[in-house]
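Residue numbers (the numbering used here), protein chains in the order written: chain A, 1 to 293; chain B, 294 to 586; chain C, 587 to 879; chain D, 880 to 1172.
The beta carbon of each residue, even a glycine, is placed where N, CA and C say it ideally should be.
Given the structure is predicted, the values throughout are model-derived calculations rather than measurements.
Let me begin by presenting the structure, written as structure tokens, before commenting on it.
Number of protein chains: 4
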Amino acid sequence: MKIGFVGLGSMGSAIAANLIRAGHQVRVWNRSPGPIGELVDLGATAAASARDALHGDVLFSMLADDAAVRSVFVDGGALRHATTGLIHVNLATVSIRLAGELTELHETLGLRYVAAPVFGRPDAARSGQLNIVAAGDAGALEQLQSLFDVIGQKTWKLGDAPLRANAVKISGNFMIAAAIEAMAEATTLAQAHGVSSAELLDILTSTLFASPVYKGYGTLIAEQRFSPPGFALRLGLKDVRLALEAGDTRHVPLPLASLLRDSLLEAVASGDGELDWAALAKVAQRRAGLDAA
Amino acid sequence: MKIGFVGLGSMGSAIAANLIRAGHQVRVWNRSPGPIGELVDLGATAAASARDALHGDVLFSMLADDAAVRSVFVDGGALRHATTGLIHVNLATVSIRLAGELTELHETLGLRYVAAPVFGRPDAARSGQLNIVAAGDAGALEQLQSLFDVIGQKTWKLGDAPLRANAVKISGNFMIAAAIEAMAEATTLAQAHGVSSAELLDILTSTLFASPVYKGYGTLIAEQRFSPPGFALRLGLKDVRLALEAGDTRHVPLPLASLLRDSLLEAVASGDGELDWAALAKVAQRRAGLDAA
Amino acid sequence: MKIGFVGLGSMGSAIAANLIRAGHQVRVWNRSPGPIGELVDLGATAAASARDALHGDVLFSMLADDAAVRSVFVDGGALRHATTGLIHVNLATVSIRLAGELTELHETLGLRYVAAPVFGRPDAARSGQLNIVAAGDAGALEQLQSLFDVIGQKTWKLGDAPLRANAVKISGNFMIAAAIEAMAEATTLAQAHGVSSAELLDILTSTLFASPVYKGYGTLIAEQRFSPPGFALRLGLKDVRLALEAGDTRHVPLPLASLLRDSLLEAVASGDGELDWAALAKVAQRRAGLDAA
Amino acid sequence: MKIGFVGLGSMGSAIAANLIRAGHQVRVWNRSPGPIGELVDLGATAAASARDALHGDVLFSMLADDAAVRSVFVDGGALRHATTGLIHVNLATVSIRLAGELTELHETLGLRYVAAPVFGRPDAARSGQLNIVAAGDAGALEQLQSLFDVIGQKTWKLGDAPLRANAVKISGNFMIAAAIEAMAEATTLAQAHGVSSAELLDILTSTLFASPVYKGYGTLIAEQRFSPPGFALRLGLKDVRLALEAGDTRHVPLPLASLLRDSLLEAVASGDGELDWAALAKVAQRRAGLDAA
């Protein structure tokens, strides 16, 4: 298939590379040209602009946040130049509000919009092991399945309304943050009574909590290894804000998300915004006066 | 071995039954005589009093809370009548403070005290699949291993100081409560955007959160099945109080535990104290005005 | 002076009326024409549009929120038609971000922008007893003083940067919300031990807390009198959001504001958004199961 | 009258001195003998023991906390030696649970128990300007009125049940802590936007919040003057715990009290337990990264 790909951060580049390797014709574009060369070496074509990437069968985009998506696709009117019938697959974690706006905008322009946020860190993207949560037009989803099979281990389909996929992604990221905070506080409590984080988490993540999130972040916490970040804390803050905003519009109080926001803000204020968000553990320790140890 | 067993609730009875079936001589006692008959049928002897259960090699106790432990073992002075060298294995979830007091008391009386709180619900107790977190005298732990192998799938040893086992148990239960609250809020958020709890949790507990705690409580939440309780909400509140108390004595702020306490209190105030603590989901829904649906 | 006045809700109308009574020539405009007639009867002129109100010496505006301010002054470009040198006095509670944008926009257009949010309910507006927190160009503030003296009991000057006045207003409203929540929880606690809200608040608001905020909202809580609202709960939620947003941009965690947001959302979800925000007391009572009484 | 007085900290000494100056015969006792000399110089008699102070018409006690009260009056059985008909006036802030126990104990022994916790710092105690919240037997309250008039500016009577007075005191102290936290967060927010604490609090505590609590603690916060403490932060933590405990027994969730507990614990963990509890402001600033400024 002819594929456009916009947004080549560590996640986007890894996904685009897999599409290229699977034999698709991929036109890539990124605001900063850095990542483009490597993909061209793999066989991609460099698009001259975002607009120039909108002329294939499918457009994938993986941009950093709502502002980047608005800037590339909404503000400049780039989508008006897209090939009719194009399927736009938005892999990014965006707000539910923006998902609704984009759905409407694409419909107006005769394009098809699929929300397909993914769970998985860059290494999962590289190995094609992402979990893809997809929602949008059923026909489009069917056409996309062979592509999804290239980039992910499983596609979870959530029906016609794209924003439902974003609701799942936002809820899932909120649950990850909650799991980190729970481990942050629990390990601090245990530590205060002479049990190391490693001892506690070894037991719990081998038994009741034997799952990727707890094992992965548990290891980072036990080893106090927060850099380089798998997922930067300031991006985690962005995602918790998305959960709070999604709650706010429907009058859903989320006290746990509020707590996470305050802890993440405290981490950013102390200069830890670029660490992995497992560094919530540092906040819990500092509050207990155990950080100097 | 000659074993005394005090405290025959659903957990205690199931554990005692496994010890009997393994061929040990077990003298059982319980405040209310109800559960004694069934164990006698399996081969146990009925002790005339708690004190009468203190004359074997090992005493197991599985009492409801600190107050029950104090009432049976501390206040009346029953332990003064125990056989010298007796190993007391306390399976219950008690406070770190009480663990410290009991350690000292047994030492004074020439007895050995092992804290061995367990992770697992009654069905795991029945099938001998508990996870046992044990701390105390190394020699005692060695002697106990064959018994632990009868009642649990694995024993996690935490060294000499009994209270370290309690710190792990309390931290672990706190993490379970946090996981339930996270699912409670996340499913309410998703629901407000048209995604059912079952849809959300099916995805998340098959992937990132594929662990017993999330799968088990996730199913209860998705099915709104809170009765009969596997673990009653009011007992969960008790355990969160233990975490807060353990934090308080060491000046460890635990904002997530505070939040849990307030949500659990709210559930009890609304009459749900005897439901499974997965009923935290009802609190989140009510706060969002989604409970009438 | 020749004055334009845009935004004639209960606060705006009361303030405009005082300016008219003081002998000024006031051109008034409001999106819905309802409140205009009464002011015309007092001597005002009806402006044909918001733009038509921008031709005097001073423009006062008192619009509901950021969105209304943007819609009237920013989006349509109305300010480009203002008389050069016009002083725009924004009495409304707007975000710090918008205050910054408006400051820049007015400067670009050769206009002067003064932020002058007020403390006081409609009755204080009617009696000219508002507290005015003003910041902006020193010369403009001097020119405005005689007008401020008509509408308020005191003007608190905060220097050149308009957004500093908004920071004070937002912080102050946050403190009011916090006071209400404190009374809400404290009266519920007392009530659970047999002390009525009236007994508790009579003592405290006559002594340690003898101030307008506590006396005023304390009376509403003691009498459970939440309608008609002096200040609607959903507007209080808007203001707490402004505090959280102002904190977020500077990485200031505000756990108390987060708590207020969640409680206010819960109140809105239960249908109480149009009650006075003293109805936070209902939330506290419901959580404790004391609302049916 | 013949008065016994037990507990001579800064509050107790000041109150006892006023009773002596008013011409009463006062027998004083304190665990550490330090403060006794000064009162003897004023005309008091030194009691040989707490028990020795129980032989007058009235016994006042002002002990630090529940543990001290239990130790002096409950554990040793001292009250059994009191003169029949003695009125025991407990001025201290104790738990509602202990208030109930003491009520019962005195009744059993033929003594009269009055709870009379006071609002006011040591300077108010010295000048006889305390606010006294009293509950207990009506006849006893009548007999005590002339004494209350010596030590306080006003007595607030709350009926027969002593614990109602404690409920008011605990609720009031909780509200003070909440006011401090609100100022702590609000001043940090303002500061982050260039408004000093002094500027903000000068406006607010002269207008909406013009009350002793806000003026007093506001001054400490604006001047960052936390030592010597008027009321030590660790005692504030004790009082917030009393509120939480009082809520817990009646299933009253108190999220604001939970938040206060966590902030106070954080302050203690950072070594600020002996500062005035206005030092909550330091916690808010540190969380925002503004403490180094």
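If you draw a straight line from the alpha carbon of Ile606(C) to that of Glu1153(D), how long is it in whole angstroms? Along the third sequence, read from residue 1 onward, the residue named residue 606(C) stands at position 20. Along the fourth sequence, read from residue 1 onward, the residue named residue 1153(D) stands at position 274. Approximately 57 Å between the Cα atoms of the pair.
List the residues of chain A whose Cβ lies closer than 7 Å to the Cβ of Ala1167(D), in chain order. As a working note, residue 1167(D) is residue 288 in the fourth sequence. By Cβ distance, chain A contributes Ala269.
With 16 other Cβ atoms within 10 Å as the buried cut-off, status of Ser551(B): Residue numbering aside, residue 551(B) sits at position 258 when the second sequence is read from its first letter. It is buried - the Cβ of Ser551(B) has at least 16 other Cβ atoms within 10 Å.
Let's see if you can read the secondary structure: which residues bound the beta strand (DSSP E) around Val993(D)? Along the fourth sequence, one-based indexing puts residue 993(D) at 114. Following the DSSP letters along the chain, one finds Val993(D) inside the beta strand (DSSP E) bounded by residues Arg991 to Ala994.
Beta-carbon contacts of Ala471(B) that lie in its chain and below 6 Å, excluding the five residues immediately before and after: Stepping through the second sequence from its first residue, residue 471(B) is reached at position 178. Within the same chain, Ala471(B) has close Cβ partners Leu549.
Use the C-beta contact count for Glu142(A): other C-beta atoms within 10 angstroms, 16 or more gives buried, fewer gives exposed. By 1-based counting over the first sequence, the position of residue 142(A) is 142. By the neighbour-count rule (16 or more Cβ atoms within 10 Å), Glu142(A) is not buried but exposed.
Against chain D: residues of the segment 538 to 556 of chain B by CB proximity under 8 Å: Answer in chain order: Gly540, Asp541, His544, Val545, Pro546, Leu547, Pro548, Ser551, Leu552, Arg554, Asp555 and Ser556.
Cα-Cα separation between Ala433(B) and Asn466(B), rounded to whole angstroms: As a working note, residue 433(B) is residue 140 in the second sequence. As a working note, residue 466(B) is residue 173 in the second sequence. CA-CA distance, Ala433(B) to Asn466(B), rounds to 26 Å.
Could you tell me how far apart the beta carbons of Ile425(B) and Arg405(B) are, in whole angstroms, since I believe they sit closer than 8 Å? Along the second sequence, read from residue 1 onward, the residue named residue 425(B) stands at position 132. Along the second sequence, read from residue 1 onward, the residue named residue 405(B) stands at position 112. Their Cβ separation, rounded to whole angstroms, is 17 Å, which puts Ile425(B) and Arg405(B) out of contact at 8 Å.
7 Å CB neighbourhood of Arg121(A) in its chain, flanking five on each side removed: Here residue 121(A) refers to the residue found at position 121 when the first sequence is read from its first residue. The beta carbon of Arg121(A) sits closer than 7 Å to the beta carbons of Gly230 and Phe231 from its chain, once the five residues preceding and following it are set aside; these are given in chain order.
Quick check on this structure: which residue in Leu1133(D), Gly1115(D), His1130(D) and Leu1121(D) has the alpha carbon closest to the alpha carbon of Ala1146(D)? Here residue 1146(D) refers to the residue found at position 267 of the fourth sequence. Out of Leu1133(D), Gly1115(D), His1130(D) and Leu1121(D), Gly1115(D) has the C-alpha closest to the C-alpha of Ala1146(D).
Can you name the residues of chain C whose CB is closer than 7 Å to the CB of Glu266(A)? The count along the first sequence starts at 1 and reaches residue 266(A) at position 266. In chain order: Pro839.
Taking a Cβ distance cut-off of 7 Å, strictly less, list which residues of the segment 184 to 196 of chain A are near chain B, in chain order. Within the segment 184 to 196 of chain A, the qualifying residues are Glu185, Ala186, Thr188, Leu189, Ala190, Ala192, His193, Gly194 and Val195.
Within-7 Å CB hit, Val94(A) to chain B: Here the question's residue 94(A) lines up with position 94 in the first sequence. So, not an interface residue.
Contact the segment 827 to 838 of chain C vs the segment 771 to 778 of chain C: 3+ CB pairs below 8 Å: No: the two stretches stay apart, fewer than three of their Cβ pairs being nearer than 8 Å.
Burial state of Lys282(A) (16 or more Cβ within 10 Å): Stepping through the first sequence from its first residue, residue 282(A) is reached at position 282. In summary, Lys282(A) is buried, with 16 or more beta-carbon neighbours lying within 10 Å of its beta-carbon over all protein chains present.
Report all residues from its chain with a CB closer than 6 Å to the CB of Tyr803(C); omit the five preceding and five following residues, and keep chain order. As a working note, residue 803(C) is residue 217 in the third sequence. Within the same chain, and ignoring the five residues on either side of Tyr803(C) in sequence, the residues whose Cβ sits closer than 6 Å to its Cβ are Ile766 and Ala864.
Between Tyr507(B), Ser504(B) and Ala491(B), which lies nearest to Ala516(B) when the distance is taken from Cα to Cα? Locating residue 516(B) in the second sequence gives position 223, where the first residue counts as 1. Reading off the sequence shown, one finds Glu at residue 516(B), where the question assumed Ala. Considering only alpha carbons, the answer is Ala491(B).
Please classify Arg373(B): is it buried, with 16 or more other beta-carbons within 10 angstroms of its beta-carbon, or exposed? For the purposes of this step, residue 373(B) is taken as residue 80 along the second sequence, with counting starting at 1. The residue is exposed, with fewer than 16 neighbouring Cβ atoms inside 10 Å.
Among all the DSSP beta bridges, which residues are the ones paired with Gly1031(D)? Sequence index remark: in the fourth sequence, residue 1031(D) carries index 152 (1-based). Bridge partners of Gly1031(D): Leu1009(D).
Go ahead and pull the three-state DSSP assignment for Gly883(D). On the fourth sequence, position 4 is the one that residue 883(D) refers to. In this structure, DSSP gives Gly883(D) an extended state, which the three-state scheme calls strand.
Rank Ala633(C), Val704(C) and Asp627(C) by C-alpha distance to the C-alpha of Met648(C) and give the top, closest one. For this step, residue 648(C) is matched to residue 62 along the third sequence. Minimum Cα distance to Met648(C) is reached at Val704(C).
How would you list, in chain order, the residues of chain C whose beta-carbon sits under 7 Å from the beta-carbon of Pro1108(D)? If you number the fourth sequence from 1, residue 1108(D) lands on position 229. None at all; the shortest Cβ gap to chain C is about 18 Å.
Based on Cα-Cα distance, which residue from Asp137(A), Ala134(A) and Val74(A) lies nearest to Leu105(A)? Indexing the first sequence from 1 puts residue 105(A) at position 105. Of all alpha-carbon atoms in Asp137(A), Ala134(A) and Val74(A), the one lying nearest the alpha-carbon of Leu105(A) is that of Val74(A).
To the nearest angstrom, report how far apart Thr542(B) and Leu1144(D) are at their CA atoms. Position 249 of the second sequence, counted from the first residue, corresponds to residue 542(B). Position 265 of the fourth sequence, counted from the first residue, corresponds to residue 1144(D). Those two C-alpha atoms are separated by around 10 Å.
In terms of residue numbering, what span does the alpha helix (DSSP H) encompassing Val1131(D) cover? The count along the fourth sequence starts at 1 and reaches residue 1131(D) at position 252. Run containing Val1131(D): none; DSSP gives neither H nor E here.
Is there a C-beta anywhere in chain D that falls below 7 Å from the one on Ala603(C)? Here residue 603(C) refers to the residue found at position 17 when the third sequence is read from its first residue. It does not: the Cβ of Ala603(C) has no partner Cβ on chain D nearer than 7 Å.
Chain A residues whose Cβ lies nearer than 9 Å to that of Arg457(B): The sequence position of residue 457(B) within the second sequence is 164, counting from 1. Near Arg457(B) (Cβ distances below 9 Å), the residues of chain A are Ala190, His193, Gly194, Val195 and Glu199.
Whose C-beta lies closer than 7 Å to the C-beta of Ala1044(D) among residues of the same chain, with five residues either side of it excluded? Counted from its first residue, the fourth sequence places residue 1044(D) at position 165. Ala994, Ala995, Pro996, Val1012, Ala1013, Ala1014 and Leu1037, listed in sequence order.
Whose Cβ in chain G lies nearer than 9 Å to the Cβ of Gly336(B)? Among the chains of the structure shown, chain G does not appear; the protein chains present are A, B, C and D.
Pull up the distance between the alpha-carbon of Ser263(A) and that of Gly1168(D), whole angstroms please. What you label residue 263(A) is simply residue 263 of the first sequence in a count that begins at 1. What you label residue 1168(D) is simply residue 289 of the fourth sequence in a count that begins at 1. Between Ser263(A) and Gly1168(D), the C-alpha separation is close to 13 Å.
Contact test: Thr741(C) Cβ vs the ligand MG heavy atom, cutoff 6 Å: In the structure shown, the ligand MG is absent, as is every other ligand, since no ligand is present at all.
Using a Cβ-Cβ distance cut-off of 7 Å, determine whether Asn676(C) contacts chain D. The residue given as residue 676(C) occupies position 90 in the third sequence. Chain D, which has no Cβ nearer than 7 Å to the Cβ of Asn676(C), makes this no.
I'd like to confirm the pairing. Which residues does DSSP put opposite Leu352(B) in its beta bridges? Residue numbering aside, residue 352(B) sits at position 59 when the second sequence is read from its first letter. Leu352(B) pairs with Gly297(B) and His381(B).
Have a look at the DSSP bridge pairing and note the partners of Gln777(C). The residue labelled residue 777(C) in the question sits at position 191 within the third sequence. Per the DSSP secondary-structure output, Gln777(C) pairs with nothing in a beta bridge.
Between which two residues does the beta strand (DSSP E) containing Gln611(C) stretch? Against the third sequence, residue 611(C) aligns to sequence position 25. Its beta strand (DSSP E) spans residues Gln611 to Trp615.
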